[in-house]
DNA sequence: ATGGGTTAAC
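In UniProt numbering, the protein residues as written are 1 to 624.
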């Protein structure tokens, strides 16, 4: 084949865009019996060029032999000697209809050894060939590799290749399914989600094997909206959900505090003939424990009873969840009861059980109980882990026992454990919150020698410490130092600095900091606005405070109880009880329930003015 | 060939 033939072929293609031609109608080579989609892609042009100069080609039997015998150095030499384009060689493999294993081997070799990146079209032709040969595990691992290295290929172009490279539709489904799986497995959730959506558009059928990991990722990344959408699409697409699919969804909804929806899904699953199991109930109980509201532990306990009535036996994890709930509720009596109940049921407390309970005791100031529980764990053959010690250090620090807290570092090492960044952060935070800045900085300096890098929390604690002492210049210096360690200040960092400036009656300066954080793309949160408002209120600049509230609402954050309390306090302190009262009324109109702080603030002011409170909720209505 | 539930710090 010479260049004249090539040119005539190229001209034919230009005048027949989109037409598929058989190369062998133009070329007389016996093995080029494939069709070529038009217009040509860059890779095809290369292929064509090498086809057109037959001299430059290594013939397929030779290629096959070299690859199957893994004579790679010779293959490399042949390719170089022939001047052939390695990318085009893959096409020859696929065209020749030889064993797809060999094409796969060549693909991997040329990728790893020659650094070749094959066009999508060939990549998915190879996937199709493997699927045709029913080599499904190979398709799976091939796509897994593809997903790991592919960077910048859009889901759209990938689907185009899958559907246009000539393979069957059934295999298309299998390939797409494994693609979704590969994305999910490699943490590329967004790509997986897009592939899921597009699979629906193309009509490819997916399986739970791929959808479950995708749902799991969406749940763990807090993308409940997408998670629910996937669920609905799966139902619509008649993908048969199993107990894990439902549990993943329920757990995701519970974590997003959507308990009612989670309950609905439990009914859905029963309707689908799938029975809830211990995992289902554990997720629900945990959801109740971690939800707000005064009755949360009551609901959690009711769910446990419901579970037992349904003849599902609670396991260690069930009791751990419930016990931790009571610990967080500062109800250690109930927590200990659960601890005993689980043992009565023949279940052995595990590491998590002890860690939770130790944490509970630490937080309720019963350090000695916490310490003796660690001893109990050791004697029952359980080895404490770093969480155990972090919890204890936190407990010591909160109770002013710095010596004991620091000694734990030695205990950790003696136990063969390694302190982590949390360990150091707890220690540093304990110091900074009790005026021991120098100590905190010493610990900070010692982190490097232990091979632990400070994180944002480390810096936030240190900055808090400096601000407490009014050392704003040093705090700002540290703020700058964070960037040198490639750590970005977060909302909390800004809130600390803003709060500190406000305390120094420099609210204007604090306001500029708020502007700056917005400018760099950080979204202020409720605390940010409330802190600044409080600052303006303290300075008696109520107009500015009200303006901040407007700004906050413009940013889509609604005033909550804390916000109202700040403003009410501000007005009260200025003796403007009428304004305070109208804010209180606004709260009530919005259906918000003022808390004790709200009333305490107003009561203080009213008593000052000689009012006598009664028990009625509207007792503070001074305009009346 | 696959997936679900529990513990630590600002």
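Backbone N, C-alpha and C define an ideal beta-carbon position, used for all residues, glycine too. As the structure is a computational prediction, the values presented were derived from the model and not from experiment.
Counting of Cβ neighbours within 10 angstroms places residue 136 among the exposed residues, the total staying below 16. One alpha carbon belongs to residue 537, the other to residue 492, and they sit about 21 Å apart.
For residue 233, same chain residues with a beta-carbon under 7 Å away, outside a window of 5 residues either side, are 200 in chain order. Comparing alpha-carbon positions, the option among 319, 259, 318, 310 lying closest to residue 293 turns out to be 259. Judged by DSSP in its simplified three-state form, residue 151 adopts coil rather than helix or strand. Under the 8 Å Cβ criterion, the stretch 167-187 counts as touching the stretch 135-151, having at least three qualifying pairs. The alpha-carbon of residue 480 is positioned some 21 Å away from that of residue 424.
DSSP places residue 494 within a helical segment (H, G or I) once states are collapsed to three.
Judged by their CB atoms, residue 297 and residue 329 are nearer to each other than the 8 Å cut-off. Following the DSSP letters along the chain, one finds residue 298 inside the alpha helix (DSSP H) bounded by residues 296-309. Excluding sequence positions up to five before and after residue 191, its CB lies within less than 8 Å of the CB of 147, 155, 183, all in the same chain and listed in chain order. The C-beta separation of residue 434 from residue 400 comes to about 7 Å, placing the pair in contact by the 8 Å criterion. In the three-state reduction of the DSSP assignment, residue 61 falls in the helix class. Looking from the CA of residue 210, the closest CA among 202, 224, 221, 240 belongs to 240. Within the same chain, Cβ atoms closer than 7 Å to the Cβ of residue 285 are found at 300, 303, 304, 318, 321, 322, the five residues on either side in sequence being excluded. Cβ-Cβ separation between residue 514 and residue 498: approximately 6 Å, consistent with a contact (criterion under 8 Å).
Distance from the CA atom of residue 606 to the CA atom of residue 592, rounded to whole angstroms, is 22 Å. Put simply, the backbone Cα of residue 86 is about 25 Å away from that of residue 159. Excluding its 5 nearest sequence neighbours in each direction, residue 570 has C-beta neighbours in its own chain below 7 Å: 537, 542, 545, listed in chain order. The Cβ atoms of residue 214 and residue 230 lie closer than 8 Å to each other. Of the candidates 246, 315, 602, 157, 246 places its Cα closest to the Cα of residue 264. Collapsing the DSSP output to three states places residue 401 in coil. Residue 191 sits in a helix when the DSSP states are folded into three classes. When secondary structure is reduced to three states using DSSP, residue 263 falls in the helix class.
For residue 245, the enclosing alpha helix (DSSP H) starts and ends at 243-255. The closest CA to that of residue 152, considering only 465, 120, 454, 310, is found on 120. When C-beta atoms of the stretch 556-574 are compared with those of the stretch 526-535, three or more pairs fall below 8 Å, so the two segments count as touching.
When DSSP states are grouped into helix, strand and coil, residue 371 belongs to the helix group.
Between residue 420 and residue 456, the CB-CB gap reaches or exceeds 8 Å. For residue 461, the number of other beta carbons within 10 angstroms of its own is at least 16, and it is reported as buried. Cα atoms of residue 447 and residue 407: separation of roughly 16 Å, rounded to the nearest angstrom.
Per DSSP, reduced to three states, the secondary structure at residue 99 is coil, with no helix or strand assignment.
A contact is defined here as three or more CB-CB pairs under 8 Å, and the stretch 383-390 fails this definition with respect to the stretch 337-348. The closest CA to that of residue 485, considering only 266, 90, 473, 453, is found on 453. Looking from the CA of residue 510, the closest CA among 124, 472, 97 belongs to 472. In this structure, the beta-carbon distance from residue 338 to residue 313 does not fall below 8 Å.
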